[in-house]
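Read the structure below first, then the notes.
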DNA sequence: ACCTATATTTGCAAACTACAAGTAAATGAG
DNA sequence: CTCATTTACTTGTAGTTTGCAAATATAGGT
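Protein chains in written order, with my numbering: chain A, 2 to 150; chain B, 2 to 150.
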């Protein structure tokens, strides 16, 4: 494991597997990775518009529009025109969508628990603090870690 | 940033952007994310077969076969039949492939340097140690972090 | 009313994906 | 040796995803 890039490459690949493995069939519905990311962000943000979520996820707005439509058709997401500007669609989880989100969240946290079970409590705390540090550093970095543009 | 999952979700998303941003046009060639992962693994492994790389990357072998063929057509990868069993194709980087790989590696490390520039040396060491810990823990975890199956 | 800007959707063509079937080479039983 | 089986990889085909360009709908300014 020579260089730093290799370490991060392996880590992100493994988390990629984790994400894929977690979220293919939830609550009887077939979901893609993109779908579960969308559910997650719609849950996390406050009355988000299409553009906000698409931007957060780094998805092309046209691709995003179609994927959201899938989730609307699955009755997991609801689009509500924003009264003050009816061009804008506010996204929210339906009850079923909330349920699916919770299922995914629970399962992901189980996986994370399983990973942490191979560490001491101290190591776990260190790792979590490090991830926070990383996130802060990436947020500050101008060259990287934001969607293309 | 309430729960642990959220932290990891954000981190992996940011690294995803990093990967995408880094590797779209290298040395005058248009590459996809999958292409650059393949180049990376062919470089990292010793005389790998098709199956070995596909397994490492968690790609369906048929998808992989076509993506490798793209890279062969771009003259970045060479397939050599393995003498002791000529069903097996050993993958290696061509000179041009090595060059592209080095370019990507250099650029990725620049991005990482930029991220670490927002930390103290101590924080940087802690973060790198934590990523190592994470990788080890994920390798031990049976439920997660390996390709589907 | 009219022009411009913004938010989202749709048309379309290219790329990606994976199941099933095909080819080629190795292995093992009779 | 020969034939059936397994393994490593490729190709047929069809469904999905992607993103550019163009269309639609609404807002805001003059």
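A virtual CB, placed ideally from N, CA and C, is assigned to each residue, including glycine.
- Using a 10 angstroms sphere on the CB of residue 42(A), the tally of other CB atoms reaches 16 or more, which defines it as buried.
- Approximately 15 Å separates the beta-carbon atoms of residue 7(A) and residue 134(B); this is outside 8 Å, ruling out the contact.
- In the structure shown, residue 46(A) adopts coil according to DSSP, grouped into three states.
- Within the same chain, Cβ atoms closer than 8 Å to the Cβ of residue 56(B) are found at 148, the five residues on either side in sequence being excluded.
- Annotation for residue 92(A): no alpha helix (DSSP H) segment contains it, though the beta strand (DSSP E) segment containing it runs 86-94.
- Contact of residue 113(B) with chain A by beta-carbon distance below 8 Å involves 5, 6 and 9.
- Here the segment 101-118 of chain B lies against the segment 17-35 of chain B, with 3 or more beta-carbon pairs under 8 Å apart.
- Per DSSP, the unbroken beta strand (DSSP E) holding residue 81(B) starts and ends at 78-83.
- Per DSSP, residue 23(B) is one residue of the alpha helix (DSSP H) stretching across 5-23.
- When C-beta atoms of the segment 28-41 of chain A are compared with those of the segment 63-78 of chain A, three or more pairs fall below 8 Å, so the two segments count as touching.
- Residue 40(A) and residue 67(A) have their alpha carbons spaced roughly 14 Å apart.
- Contact note: residue 116(B) reaches chain A through 135, 138, 139, 142, 145 and 146, using a C-beta cutoff of 8 Å and chain order.
- Judged by beta-carbon spacing, residue 116(B) lies within the 8 Å limit of residue 138(A), meaning their Cβ atoms are closer than that value.
- Excluding sequence positions up to five before and after residue 30(B), its CB lies within less than 7 Å of the CB of 75 and 101, all in the same chain and listed in chain order.
- Counting only residues of its own chain and dropping the five nearest sequence neighbours on each side, residue 90(A) has a CB closer than 8 Å to the CB of 50, 51, 80, 81, 82 and 83.
- Cβ contact annotation for residue 46(A) (same chain, cutoff 8 Å, sequence separation greater than five): 53, 54 and 57, in chain order.
- With a threshold of 8 Å between beta carbons, residue 101(A) makes no contact with chain B.
- When the beta-carbon positions are compared, residue 4(A) and residue 12(B) stay at least 8 Å from each other.
- Within its own chain, the residues whose Cβ lies closer than 8 Å to the Cβ of residue 28(A), once the five positions on either side in sequence are excluded, are 97, 100, 101 and 104, listed in chain order.
- By the neighbour-count criterion, in which a residue is buried when 16 or more other Cβ atoms sit within 10 angstroms of its Cβ, residue 142(B) is buried.
- By the Cβ neighbour-count rule, residue 10(A) is buried, with 16 or more other Cβ atoms within 10 Å of its own.
- Residue 59(A) reaches chain B at 14, 17, 18 and 21, counting residues in chain order whose Cβ is nearer than 8 Å.
- Secondary structure at residue 147(B): coil, using DSSP grouped into helix, strand and coil.
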